[in-house]
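Chemist:
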Amino acid sequence: MAAYWLGCRYSMQQVAGDRRQLHSMPRYYGYYVALWTALPAVFLLLLWRFLDQGLIVSMVAAELPDIIRNLPVAELHLYLNDVLNLAKGNITSADVDATMQAAADHFKHLQALSDMSLLASLIGMVVAGAALALRQINPEFRSRPRVETLVRWMLAISASIAILTTLGIVLSVLFEAIRFFQMVPVADFLFGLHWSPQVAMREDQVGASGAFGFVPLLAGTMLVALIAMTVAVPIGLMSAIYLAEFAGAHLRTWAKPLLEILAGIPTVVYGFFAALVVAPLLRDGGSMIGLDVSSESALAAGLVMGIMIIPFVSSLSDDVINAVPQAMRDGSYALGATRAETILRVIVPAALPGIVGGILLAVSRAIGETMIVVMAAGLTANLTANPLESVTTITVQIVTLLVGDQEFDSTKTLAAFALGLALFIVTLLLNVLALHVVKRYREEYE
Amino acid sequence: MFAVEIKTEQASPTQIDTLPERTLGKPLLDKKVSMHCREVDVFYGDKQAIFDVSLDIGKNEVLAMIGPSGCGKSTFLRCLNRMNDTINSCKITGSIRLDGEDIYDPKVDIELLRARVGMVFQKPNPFPKSVYENVAYGPRIHGLTRDKIELDEIVKNSLMRAGLWKEVKDRLDDVGTGLSGGQQQRLCIARAIAINPEVILMDEPCSALDPIATAIVEELIDELRQRYTIVIVTHSMQQAARVSQRTAYFHLGKLVEVDKTDRLFTNPSHGLTEAYITGRFG
Amino acid sequence: MSDRIKATVKRRQVREAIEQSLIRRRKRNRRFRMLGLGAVILGMLFLGIMFSSIISKGYSAFALTDIQLEIYFDPEVIDPQGGRNPDVLASAAYGKLVKAALRKEYPEVKKRKEKRKLYRLVSTGAIQQLRDLVLSDPAIIGSRKKLWLIADDDVDQYYKHGENQSRLKGQQLAWVAQLRAKDALKTSFNTNFFTAGDSREPELAGIRGAVVGSFFVIMITLGLSLPLGVAAAIYLEEFSPRNHWTDFVEININNLAAVPSIVFGLLGLAVYINFFELPRSAPLVGGLVLTLMTLPTIIIASRAALKSVPPSIREAALGMGASKMQMVFHHVLPLAMPGMLTGTIIGLAQALGETAPLLMIGMVAFIVDIPGSILDPATVLPVQIYLWADSPERAFTERTSAAILVLLAFLVLMNLVAIWLRRKFEKRW
Chain A
7 MAAYWLGCRY SMQQVAGDRR QLHSMPRYYG YYVALWTALP AVFLLLLWRF LDQGLIVSMV
67 AAELPDIIRN LPVAELHLYL NDVLNLAKGN ITSADVDATM QAAADHFKHL QALSDMSLLA
127 SLIGMVVAGA ALALRQINPE FRSRPRVETL VRWMLAISAS IAILTTLGIV LSVLFEAIRF
187 FQMVPVADFL FGLHWSPQVA MREDQVGASG AFGFVPLLAG TMLVALIAMT VAVPIGLMSA
247 IYLAEFAGAH LRTWAKPLLE ILAGIPTVVY GFFAALVVAP LLRDGGSMIG LDVSSESALA
307 AGLVMGIMII PFVSSLSDDV INAVPQAMRD GSYALGATRA ETILRVIVPA ALPGIVGGIL
367 LAVSRAIGET MIVVMAAGLT ANLTANPLES VTTITVQIVT LLVGDQEFDS TKTLAAFALG
427 LALFIVTLLL NVLALHVVKR YREEYE
Chain B
0 MFAVEIKTEQ ASPTQIDTLP ERTLGKPLLD KKVSMHCREV DVFYGDKQAI FDVSLDIGKN
60 EVLAMIGPSG CGKSTFLRCL NRMNDTINSC KITGSIRLDG EDIYDPKVDI ELLRARVGMV
120 FQKPNPFPKS VYENVAYGPR IHGLTRDKIE LDEIVKNSLM RAGLWKEVKD RLDDVGTGLS
180 GGQQQRLCIA RAIAINPEVI LMDEPCSALD PIATAIVEEL IDELRQRYTI VIVTHSMQQA
240 ARVSQRTAYF HLGKLVEVDK TDRLFTNPSH GLTEAYITGR FG
Chain C
10 MSDRIKATVK RRQVREAIEQ SLIRRRKRNR RFRMLGLGAV ILGMLFLGIM FSSIISKGYS
70 AFALTDIQLE IYFDPEVIDP QGGRNPDVLA SAAYGKLVKA ALRKEYPEVK KRKEKRKLYR
130 LVSTGAIQQL RDLVLSDPAI IGSRKKLWLI ADDDVDQYYK HGENQSRLKG QQLAWVAQLR
190 AKDALKTSFN TNFFTAGDSR EPELAGIRGA VVGSFFVIMI TLGLSLPLGV AAAIYLEEFS
250 PRNHWTDFVE ININNLAAVP SIVFGLLGLA VYINFFELPR SAPLVGGLVL TLMTLPTIII
310 ASRAALKSVP PSIREAALGM GASKMQMVFH HVLPLAMPGM LTGTIIGLAQ ALGETAPLLM
370 IGMVAFIVDI PGSILDPATV LPVQIYLWAD SPERAFTERT SAAILVLLAF LVLMNLVAIW
430 LRRKFEKRW
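Residue numbers (our numbering), protein chains in the order written: chain A, 7 to 452; chain B, 0 to 281; chain C, 10 to 438.
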């Protein structure tokens with residue numbers, strides 16, 4: 007702030023108050039100085055904060071008695087954690103002894119030192135930046151283009167965050183998945199017919215390798231998704247057709263947003279609905295007609311997921327149906343076709359690629375949906391096609407494997423990342439395909 | 000009798016602004032009539048688009064409708080096979096009769112009407128199906144054929160009459176939208192005549208086509224006159240002069256004048272018509 | 010001439026064929042139309058059933074049953090020394106007072122087992138009530154007072170929904186019936202539900218902790234995703250050169266919008282918690298994860314908003330000699346802002362209802378305290394719903410539904426703001 011003001015003032019002084027002589031508006035000189043002052047300091051701050059903790063900890067570790075330093079890595083880590091907690095005044099898990107106290111004191115001392123030097127260098131940086139920028143200011147100095155270039159770079163960096171996110175997902179998931187595949191062969195994972203990760207909890211157990219067969223999970227996921235799509239596609243498509251082709255403007259204006267409310271309801275609410283309303287209803291209904299319906303049946307989860315996806319299918323179909331040119335409809339009506347004939351023989355075939363693309367997106371949504379299945383589908387991996395039985399899905403297993411405190415290195419935890427990788431790849435392929443199809447379709451009528 | 004009055008007047012800007020109380024020329028025919036229109040008014044919501052139009056369309060004639068843009072000629076055309084029904088706010092009063100039947104009678108089957116009064120649109124709009132399926136669409140939905148052989152026959156005949164058979168006979172399975180603009184428009188004509196309508200309405204059928212394709216379509220229209228009554232809306236006076244026997248001139252929703260084409264263009268009865276055909280506005 | 014006759018003959022055939030087929034075709038048309046209408050109605054029906062079942066389950070959680078008991082503030086129990094030292098007062102065994110009052114109310118209960126059942130009628134929250142009372146006014150010690158104390162959730166369920174909805178049995182039912190006859194039971198508005206954190210006892214459990222957690226998370230998400238999203242959209246729409254790199258970025262953003270949310274949770278776990286060693290369960294991490302999730306939504310909406318600003322305005326600004334940056338920030342951005350904000354609100358509404366990725370980063374822990382900062386362990390409203398939905402007690406089901414209603418109320422509010430924004434600034438160019 008001060009730098010901004012300083013920059014403005016200084017630039018004005020240079021031209022003795024006649025702003026017309028400046029190349030750019032005075033405030034751009036202000037921005038320029040402010041940026042030069044703030045940015046390097048912020049960078050330094052971030053870098054420092056990122057490095058100092060690790061650096062100090064390793065320095066503390068170096069001062070520790072040999073006996074502790076020679077502990078296994080995991081225990082040393084634990085010990086250092088205690089030291090940190092002690093220094094910060096938190097509760098420690100181990101008893102505090104003199105060595106630990108000393109280490110903690112040492113840590114505190116180093117921390118204070120670090121903070122002091124950080125402050126000093128920050129001030130230095132700010133002053134240096136400001137001075138440098140101020141020195142550059144003179145009436146011919148083109149501050150506006152410079153500021154603009156910088157802003158442009160900042161915008162570009164923001165735009166790249168999307169890429170970084172994808173990269174982050176791919177790398178983090180891939181990295182952990184590779185570690186998993188070092189313990190469990192890829193083939194076993196991809197083609198194994200049994201999934202029971204619980205066995206792997208205790209590694210000293212006999213035959214504790216656990217079973218990490220992906221097939222039953224995939225089958226369960228597909229079963230639930232299939233049920234969901236059998237609910238969502240007919241209802242979503244038919245209501246889109248009805249609203250686009252039959253309904254009057256009045257019905258359309260209130261029915262469409264009402265249907266879209268379904269899309270805005272959080273999935274956890276659907277999960278609650280599935281587990282506490284639909285599942286008991288199905289079970290009671292099943293026992294009435296003599297069917298044995300599991301209380302965590304794939305049917306309940308699939309039905310409710312279908313309801314969730316209805317607006318997704320209907321709004322995507324609505325888009326593509328509306329993209330079919332009116333001339334097509336006119337051509338058909340002018341030949342004496344009824345509305346149903348026009349829709350079934352002209353509009354739907356013309357919109358088919360778009361509709362298929364939309365359905366693919368919906369499938370990817372169904373496969374990735376988590377909360378409904380976590381709350382309403384089962385945990386045990388059954389390789390079955392019976393919708394009345396309990397099945398489990400990829401997402402359910404990721405959640406059960408990762409919720410709760412686990413060591414990050416166990417096979418179980420890593421298995422979740424392998425599942426995540428599989429999920430990511432499957433949905434990514436579906437999305438790329440669907441978006442491509444929809445884009446091609448759009449171009450055709452544009 | 001109106002003609003006498005008008006002839007004495009010189010067309011001047013003030014007179015161009017005045018619209019006649021009644022249609023000039025010869026709105027009513029004594030020969031065989033296909034469609035009778037009487038006192039037709041069309042409203043879009045509160046706005047009136049067509050004012051009190053009475054017009055007869057003779058059998059096997061080509062009637063051209065001309066006029067400056069926004070004059071209501073397309074709107075009127077779309078009333079003739081009730082295509083305006085697809086627009087919710089559109090209201091039509093007066094009577095339009097096809098072979099003596101009022102087409103706005105609630106008992107009339109709109110599908111049958113449209114099968115009898117076919118339409119060709121401004122922009123060629125073949126369905127995104129094969130050439131064959133495009134032509135076969137009408138006969139199929141109406142169930143006109145008993146077997147594939149009959150259908151093949153109809154498709155071939157229609158394409159031949161539309162003058163397209165030679166060009167597409169080897170590519171009947173290609174997508175209709177892949178043809179050239181002129182071919183597409185002739186495909187649409189073939190599609191319309193496949194169910195053998197009595198009247199064909201054409202809404203500026205050549206406005207999206209190049210001159211060569213336009214010439215081919217105009218020639219086709221002249222041939223089709225043997226079998227069908229044709230009403231064509233056009234923005235080109237030359238085209239009206241080339242293809243039609245009678246021409247109707249519309250201005251701001253009113254039918255100003257209708258007469259034999261050569262008479263209308265050489266000796267118009269109303270100052271507005273004259274101003275339009277001499278290019279003083281439009 | 011013969012050709013003409015042939016044509017008309019055929020026309021009559023055509024006409025007959027069409028007239029014959031029309032009845033069947035009309036019927037089919039009507040059936041198809043009914044099918045469509047049925048689908049719309051079915052969709053509405055699902056919505057209706059869901060809302061009505063949640064409301065009917067949840068509305069009763071906003072009321073809480075109290076039991077009236079005559080409490081003797083026994084100085085012997087509260088403050089045997091009589092020093093009125095606040096520390097002593099705070100740590101006194103108020104439970105004994107409640108138990109004594111219950112014993113007095115039901116002198117016939119003698120057996121130990123039965124007594125324990127009797128004590129269970131009053132919530133452990135009553136202890137807190139009494140403590141607060143004494144601390145605010147120590148003069149109360151030694152007096153007798155009729156007080157309304159929070160009832161146990163079983164009593165609460167019994168009083169609100171009747172016998173078969175409650176776990177009360179045998180003697181307990183009789184005791185409660187007795188209380189009811191004496192008008193010693195009443196329901197009042199459940200303020201606890203809005204002011205308390207989570208608890209193992211349904212009658213004491215509230216959503217304040219979760220609401221505060223959600224607030225922190227959403228604020229972080231808003232603070233990060235709005236500037237980043239808008240900046241990215243501006244770059245992509247206004248400045249980026251058309252090349253393979255921007256095409257790639259674009260495809261990437263579209264795909265990210267469709268990546269399952271749970272995968273973002275995995276990313277958060279691996280990167281933020283494992284690599285950067287940020288604390289588990291913290292709203293900060295939750296906000297960071299949800300930022301990545303909402304960014305694509307905001308970018309897509311913002312780009313659409315920028316696109317809708319007509320080129321004439323850009324050209325006018327450039328024609329005046331403004332630099333491209335000035336054109337964007339002075340003219341285009343203000344016009345596109347309502348659209349961007351609408352998109353942001355919709356993205357945030359999604360984030361507010363999101364559960365799965367937050368489970369991954371450990372926001373599922375049972376947390377009683379209300380979080381005070383973005384680094385404290387916290388939970389959020391949807392996760393609270395998930396946790397309560399898992400609890401077997403009926404009273405928790407009721408509270409789950411009520412929490413859902415609160416969540417939906419927030420979402421409706423956000424969407425209304427979005428709609429209002431859109432209406433207010435909607436411009437037709």
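Here a beta-carbon is modelled for each residue, glycine too, at the ideal position from N, C-alpha and C. Quick caveat: nothing in here was measured; it's all calculated off a predicted structure.
Suppose you measure from the CA of residue 283(A) to the CA of residue 375(C); what does that come to, to the nearest Å?
Modeler: In the first sequence, counting from the first residue as 1, residue 283(A) sits at position 277. In the third sequence, counting from the first residue as 1, residue 375(C) sits at position 366. Spanning the two alpha carbons is a distance of roughly 25 angstroms.
Chemist: What are the boundary residues of the alpha helix (DSSP H) that includes residue 195(A)?
Modeler: Here the question's residue 195(A) lines up with position 189 in the first sequence. First-last of the alpha helix (DSSP H) with residue 195(A): 192-197.
Chemist: Can you list, in chain order, the residues of its chain with a C-beta nearer than 8 angstroms to that of residue 129(B)? Leave out the 5 residues immediately preceding and following it.
Modeler: Locating residue 129(B) in the second sequence gives position 130, counting from the first residue. Cβ neighbours of residue 129(B) beyond the five flanking positions: 171, 172, 173, 174, 175.
Chemist: Residue 253(B): buried (16+ other C-beta within 10 angstroms of its C-beta) or exposed?
Modeler: Position 254 of the second sequence, counted from the start, is the residue given in the question as residue 253(B). The residue is buried, with at least 16 neighbouring Cβ atoms inside 10 Å.
Chemist: Which of helix, strand or coil does DSSP assign to residue 125(C)?
Modeler: One-based indexing of the third sequence puts residue 125(C) at position 116. It is helical.
Chemist: Applying a beta-carbon distance threshold of less than 8 angstroms, which residues of chain C neighbour residue 195(B)?
Modeler: In the second sequence, residue 195(B) corresponds to position 196, counting from 1. The contacting residues are 16, 19, 20, 23.
Chemist: Can you pull out the residues from the region 28-56 of chain C whose beta carbon lies closer than 9 angstroms to at least one beta carbon of chain B?
Modeler: 28, 29, 30, 31, 33, 34, 35
Chemist: Mapping DSSP to helix, strand and coil, what is residue 211(A)?
Modeler: Residue 211(A) sits at position 205 when you count from the first residue of the first sequence. Residue placement at residue 211(A) cannot be trusted, given a pLDDT of 46 that sits under 50; what the coordinates show is reported in the next sentence. Reduced to three states, the DSSP call for residue 211(A) is coil.
Chemist: Rounded C-beta distance between residue 201(A) and residue 225(A)? I'm assuming under 8 angstroms.
Modeler: Start at 1 with the first residue of the first sequence, and residue 201(A) comes out as number 195. Start at 1 with the first residue of the first sequence, and residue 225(A) comes out as number 219. Rounded, the Cβ-Cβ distance is 10 angstroms, inconsistent with contact.
Chemist: For the region 107-132 of chain B, enumerate the residues whose C-beta is nearer than 9 angstroms to any C-beta of chain C, in chain order.
Modeler: 108, 110, 111, 114, 115
Chemist: For the alpha helix (DSSP H) that contains residue 187(B), what are its first and last residues?
Modeler: The sequence position of residue 187(B) within the second sequence is 188, counting from 1. It spans 180-192 - the alpha helix (DSSP H) in which residue 187(B) sits, taken as one unbroken run.
Chemist: Measuring alpha carbon to alpha carbon, tell me which residue in 349(A), 376(A), 424(A), 391(A) is nearest residue 38(C).
Modeler: Position 29 of the third sequence, counting from 1, holds the residue named residue 38(C). Closest by alpha carbon: 349(A).
Chemist: By the DSSP assignment, the beta strand (DSSP E) with residue 91(B) in it spans what residues?
Modeler: Mapped onto the second sequence, residue 91(B) falls at position 92. Residues 89-97.
Chemist: State yes or no: is the C-beta of residue 299(A) within less than 7 angstroms of the C-beta of residue 389(A)?
Modeler: If you number the first sequence from 1, residue 299(A) lands on position 293. If you number the first sequence from 1, residue 389(A) lands on position 383. For residue 299(A) and residue 389(A), no; Cβs fall outside 7 angstroms.
Chemist: With DSSP run on the structure shown, which of helix, strand or coil describes residue 154(C)?
Modeler: Taking the third sequence and counting its residues from 1, the one referred to as residue 154(C) is at position 145. Note: residue 154(C) maps to strand in three-state DSSP.
Chemist: So, for residue 50(B): in the same chain, excluding its five sequence neighbours on each side, which residues have a beta-carbon less than 6 angstroms away from its beta-carbon?
Modeler: By 1-based counting over the second sequence, the position of residue 50(B) is 51. Excluding residues within five positions, the ones whose Cβ falls inside 6 angstroms are 252, 253.
Chemist: Cβ of residue 0(B) less than 7 angstroms from any chain C Cβ?
Modeler: Here the question's residue 0(B) lines up with position 1 in the second sequence. For residue 0(B), the predicted model reports a pLDDT of 34, less than 50, meaning its position is unreliable; a value from the coordinates is still stated below. Taking Cβ atoms only, chain C never reaches closer than 7 angstroms to residue 0(B), which makes this a no.
Chemist: Using DSSP bridges, identify the partner residues of residue 56(B).
Modeler: The count along the second sequence starts at 1 and reaches residue 56(B) at position 57. Partner(s): 34(B).
Chemist: Starting from residue 377(C) and walking both ways along the alpha helix (DSSP H), at which residues does that stretch end?
Modeler: Within the third sequence, the letter at position 368 stands for residue 377(C). That residue, residue 377(C), is in no alpha helix (DSSP H); it is neither H nor E in DSSP.
Chemist: Between residue 350(A) and chain B, is there a C-beta pair that is closer than 7 angstroms?
Modeler: By one-based count along the first sequence, residue 350(A) stands at place 344. No, its Cβ sits nowhere closer than 7 angstroms to a Cβ of chain B.
Chemist: Just to confirm the assignment, what range does the alpha helix (DSSP H) spanning residue 378(A) have?
Modeler: One-based indexing of the first sequence puts residue 378(A) at position 372. Counting along the chain, the alpha helix (DSSP H) containing residue 378(A) begins and ends at 377-382.
Chemist: Cα separation between residue 191(C) and residue 72(C)?
Modeler: On the third sequence, residue 191(C) is found 182 positions in, with the first residue counted as 1. On the third sequence, residue 72(C) is found 63 positions in, with the first residue counted as 1. Rounded to whole angstroms, residue 191(C) to residue 72(C) spans 20 angstroms at the Cα level.
Chemist: May I ask you to report which of helix, strand or coil DSSP gives residue 25(C)?
Modeler: Translated into positions along the third sequence, residue 25(C) becomes position 16. The answer is helix: DSSP assigns residue 25(C) an H, G or I state.
Chemist: Taking Cβ-Cβ distances below 9 angstroms as the criterion, which residues of the region 397-412 of chain C are in contact with chain B?
Modeler: none
Chemist: Going along chain A in order, which residues have a C-beta closer than 8 angstroms to the C-beta of residue 80(B)?
Modeler: Here residue 80(B) refers to the residue found at position 81 when the second sequence is read from its first residue. 340, listed in chain order.
Chemist: Going by beta-carbon coordinates alone, are residue 323(A) and residue 49(C) separated by less than 7 angstroms?
Modeler: As a first step, residue 323(A) is located in the first sequence; it is residue number 317 there, counting from the start. As a first step, residue 49(C) is located in the third sequence; it is residue number 40 there, counting from the start. Their beta carbons are not under 7 angstroms apart, which means residue 323(A) does not touch residue 49(C) by this criterion.
Chemist: Can residue 253(B) be considered in contact with the ligand SAM, in the sense that its beta carbon sits closer than 6 angstroms to one or more heavy atoms?
Modeler: Within the structure as shown, the ligand SAM is missing, as the structure has no ligands at all.
Chemist: At a Cβ cut of 8 angstroms, what residues of the region 170-187 of chain A count as close to chain C, listed as they run along the chain?
Modeler: Within the region 170-187 of chain A, the residues whose Cβ lies closer than 8 angstroms to some Cβ of chain C are 171, 172, 174, 175, 178, 179, 181, 182, listed in chain order.
Chemist: List the endpoints of the continuous alpha helix (DSSP H) containing residue 137(B).
Modeler: Taking the second sequence and counting its residues from 1, the one referred to as residue 137(B) is at position 138. Element bounds for residue 137(B): 130-141.
Chemist: By the criterion of Cβ-Cβ separation under 8 angstroms, what are the contact partners of residue 248(C) in chain A?
Modeler: Here residue 248(C) corresponds to residue number 239 of the third sequence, with the count starting at 1. 158, 161, 162, listed in chain order.
Chemist: Less than 8 angstroms between the CB atoms is what I'm expecting for residue 23(C) and residue 194(B), so what's the real figure, rounded?
Modeler: Position 14 of the third sequence, counted from the start, is the residue given in the question as residue 23(C). Position 195 of the second sequence, counted from the start, is the residue given in the question as residue 194(B). Yes, they are in contact, since the Cβ atoms of residue 23(C) and residue 194(B) sit about 6 angstroms apart, within 8 angstroms.
Chemist: Using a Cβ-Cβ cutoff of less than 6 angstroms, which residues in the same chain neighbour residue 117(C) once the five nearest sequence positions on both sides are dropped?
Modeler: Translated into positions along the third sequence, residue 117(C) becomes position 108. Nothing meets the Cβ criterion.
Chemist: Show which residues of chain A have a CB atom less than 8 angstroms away from the CB atom of residue 190(B).
Modeler: Position 191 of the second sequence holds residue 190(B). 337, 341, listed in chain order.
Chemist: Under a Cβ-count criterion, where at least 16 other Cβ atoms within 10 Å of its own Cβ denotes burial, should residue 305(C) be classed as buried or exposed?
Modeler: On the third sequence, position 296 is the one that residue 305(C) refers to. A residue is called buried when at least 16 other Cβ atoms come within 10 angstroms of its Cβ; residue 305(C) meets this threshold and is buried.
Chemist: Could you spell out the range, first to last residue, of the alpha helix (DSSP H) harbouring residue 264(B)?
Modeler: Mapped onto the second sequence, residue 264(B) falls at position 265. Membership of residue 264(B) in the alpha helix (DSSP H) is indicated by the continuous run 260-265.
Chemist: Using CA coordinates, which residue listed in 115(B), 32(B), 72(B) is at the minimum distance from residue 57(B)?
Modeler: For this step, residue 57(B) is matched to residue 58 along the second sequence. When each option's Cα is compared against that of residue 57(B), the closest is 32(B).
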